[in-house]
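Trainee:
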Amino acid sequence: MQRKSQFNVGLICRVLGVLILLNGIFMFTCLPFAFYFGDGDWKALVQSGVITVIAGGFGMLYAQKMGYEQVFKKKDGYIIVSLGWALMAFFGSLPYIFSEIQASFADAYFETISGYSTTGASILTDIEGVGKGILFWRSLTQWIGGMGIIVLAVAVLPFLGIGGMQLFVAEAPGISPDKLQPRIKETAKRLWWVYAGLTGVETILLMTGGMSFYDALNHALTTMATGGFSTYNDSAASMSPYIQYILIFFMVLAGTNFTLNYFFFKRMFKAIWKNEEYKYYLGIISLATIGISSVVIYTTDLGIEKAFRDALFQVVSIITTTGYVSADYTAWAPFATMIVFVLMFCGGMAGSTAGGVKIVRHIILFKNSFLELKRQLHPTAIIPVRFNDKAVKGGITFNVLAFIMAYFLVFGIGILVMSALGLDLLTAIGAVATSLGNIGPGVGTVGPVDNFAHLPDMAKWVLSFLMLLGRLELFTVMIIFTPYFWSRF
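1 is the number of the first residue of the sequence shown in full-length UniProt numbering; add one for each residue after it.
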């Protein structure tokens, strides 16, 4: 008697096929820009799109042929999310390989996973020389990855007769965004409407500041994704103050829990201000900006407004893990640079497109640590951690502690690996911190005025894995490498 598989293989192939198919369709949306600007990169996009669509269609047909139950197991969700992002990056790298860039597979995959994970680290040395169709695809990968291609699929899969709750849980383990509607499909749809709507509004506002439609759209896509890919070689450094302030405003929105953004549209302002994480989020931005701008004003001759704007821009860019650059923060006084580096381990709000540890985890960690001191005096007392005036379940607290421990363990191991591959210590620290936190620029030779092109291929593969690990918040990927995951019990 044949033993039943612990995985719903047919369903996994079906969903992966849909994701890859959608990826190919998105490639074709870049063609209008390729034709309009006449850069000749339309051939690479067509070739890549056709291959990707055929691959996705084959996966769906294979699943149909072998048959499957329309029921997700939790393990299926973890496989689909982890493998889905890896495959999306694989097929998404084809335009870089087939175009005039002729990137190696390591470089192409690095650039693509940097896009989907909304990291913003790049190997391109002359961004303005890249074809406009390919450059738009580069920005689009971040926009897709920002809210999560998996969440998009959750909104589409019900039409195929497949539920998506397991996918939503797998992509955001531990602490998940609040549900806006009882059904996960409705939640995904509303999140995407808010996401797309804000992208459209930002595009219009950037155009009023003098940007072309093409540049405005690209920057709106990568701002709302907290990705940071720019169409300019110097990122945001040469932009006007008006445009920089627009980017700052929308970076703050992108780093905010999208449930709160939805509440804003519904005029539920009290619900927004009651959110404890939101208060800490704005508080950290304010304090860091005051600290850095004070140092920059004192140590440079930039002037008060310019120093404040550069400080605010970089604080918001780093804490939201967007990664745009308006100034070389490594050239500031050491105290200011250190604040920026610390912000790399902060992250935005849970339920946002930002990466990093997330502020809510820091809040719970510090509250639990403080209460542990109180428990030493009252060992028999039951003193729960409270967040938003509610007691946090013990399981969530343990999850937060385990996540932060795992995060810094991976950070330490990553530094050792990068050092073994020949990187100097400062560059190794910067590369690992920015990749794991999905930030973009780091310190050392991967700082805000440099990129990752000079790193050895093996280092790029390791950093690509760290980007994926950070984007899926560690556990989703790490659990696949445990013997418990593959056990039948």
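Backbone N, C-alpha and C fix where the C-beta goes; we use that ideal spot for every residue, glycine too.
Which word fits Phe265, buried or exposed, when buried means at least 16 other C-beta atoms lie within 10 angstroms of its C-beta?
Mentor: Exposed, because fewer than 16 other Cβ atoms sit within 10 Å of the Cβ of Phe265.
Trainee: Do you know whose CA, among Met418, Ala254, Thr300 and Pro384, lies nearest Ala354's CA?
Mentor: If we check each option's Cα against that of Ala354, Ala254 comes out closest.
Trainee: If we count the other Cβ atoms within 10 Å of its Cβ and call it buried at 16 or more, is Glu305 buried or exposed?
Mentor: That one is exposed.
Trainee: Should Asn23 and Phe110 be called a contact, given that it needs their Cβ atoms to be closer than 8 Å?
Mentor: No, the Cβ-Cβ distance between Asn23 and Phe110 is not below 8 Å.
Trainee: Within its chain, find whatever has a CB closer than 8 Å to the CB of Met66; leave out the 5 residues flanking it on each side and keep chain order.
Mentor: Counting only Cβ-Cβ distances below 8 Å, and skipping sequence neighbours, we find Val9, Gly10 and Cys13.
Trainee: What residues match up with Arg386 in a beta bridge as DSSP calls it?
Mentor: The partner list for Arg386 (beta bridge, DSSP) reads Ala391.
Trainee: Which of the three DSSP states is assigned to Thr337 in this structure?
Mentor: Thr337 falls in the helix class under three-state DSSP.
Trainee: Can you list, in chain order, the residues of its chain with a C-beta nearer than 6 Å to that of Gly210? Leave out the 5 residues immediately preceding and following it.
Mentor: Excluding residues within five positions, none has a Cβ falling inside 6 Å.
Trainee: Roughly how many angstroms lie between the CA atoms of Leu371 and Ile383, to the nearest whole one?
Mentor: Those two C-alpha atoms are separated by around 7 Å.
Trainee: Is the distance from the Cβ of Ile359 to the Cβ of Val315 below 8 Å?
Mentor: No, the Cβ-Cβ distance between Ile359 and Val315 is not below 8 Å.
Trainee: Which one of Phe408, Thr29 and Asp76 has the shortest CA to CA distance from Ile480?
Mentor: Residue Asp76 is the option with its Cα nearest to Ile480.
Trainee: Given this structure, state the Cα-to-Cα distance separating Phe374 from Phe411, to the nearest angstrom.
Mentor: In the sequence as presented, Phe is not what sits at residue 374; that position holds Lys. Taking the straight line joining both Cα atoms gives about 31 Å.
Trainee: Pick helix, strand or coil for Leu474, following the three-state DSSP scheme.
Mentor: Leu474: coil per DSSP, three-state reduction.
Trainee: Between which two residues does the alpha helix (DSSP H) harbouring Asp310 extend?
Mentor: Per DSSP, Asp310 belongs to the alpha helix (DSSP H) from Ile304 to Ile319.
Trainee: Figure out for me which residue from Val15, Val295, Thr476 and Tyr281 has the closest Cα to the Cα of Thr337.
Mentor: Minimum Cα distance to Thr337 is reached at Val295.
Trainee: What separation, rounded to the nearest whole angstrom, lies between the Cα atoms of Gly40 and Ile134?
Mentor: Each residue's alpha carbon lies about 10 Å from the other.
Trainee: Around the Cβ of Asn218, are there at least 16 other Cβ atoms within 10 angstroms (buried) or fewer (exposed)?
Mentor: It is buried - the Cβ of Asn218 has at least 16 other Cβ atoms within 10 Å.
Trainee: State the DSSP-derived secondary structure class of Asp126, mapped to helix, strand or coil.
Mentor: Correct three-state label for Asp126: coil.
Trainee: Please list the terminal residues of the continuous alpha helix (DSSP H) segment that includes Gly144.
Mentor: The identity of residue 144 in the sequence shown is Ile, whereas the question assumes Gly. Residues Lys132 to Met147.
Trainee: Go ahead and pull the three-state DSSP assignment for Phe398.
Mentor: It is helical.
Trainee: Between which two residues does the alpha helix (DSSP H) containing Ser294 stretch?
Mentor: That run of the alpha helix (DSSP H) goes Glu276 to Thr299.
Trainee: Report the residue from Glu128, Met467 and Trp193 whose alpha carbon sits nearest the alpha carbon of Ser235.
Mentor: When each option's Cα is compared against that of Ser235, the closest is Glu128.
Trainee: With DSSP collapsed to three states, give me the class of Phe159.
Mentor: Residue placement at Phe159 cannot be trusted, given a pLDDT of 47 that sits under 50; what the coordinates show is reported in the next sentence. Phe159: helix per DSSP, three-state reduction.
Trainee: Apart from the five residues just before and just after Ala271, which ones in its own chain have a Cβ nearer than 8 Å to its Cβ?
Mentor: The residues are Leu260 and Phe263.
Trainee: Pull up the distance between the alpha-carbon of His378 and that of Val417, whole angstroms please.
Mentor: Their Cα atoms are separated by approximately 44 Å.
Trainee: When you compare only the Cα positions, how much space is there between Gly49 and Val81?
Mentor: So the alpha carbons of these two residues sit roughly 22 Å apart.
Trainee: Kindly provide the ranges of any alpha helix (DSSP H) runs that are 4 or more residues long and lie completely inside the segment 27–79, ordered along the chain.
Mentor: Within the segment 27–79, the complete alpha helix (DSSP H) runs of at least 4 residues are 31–37 and 42–66.
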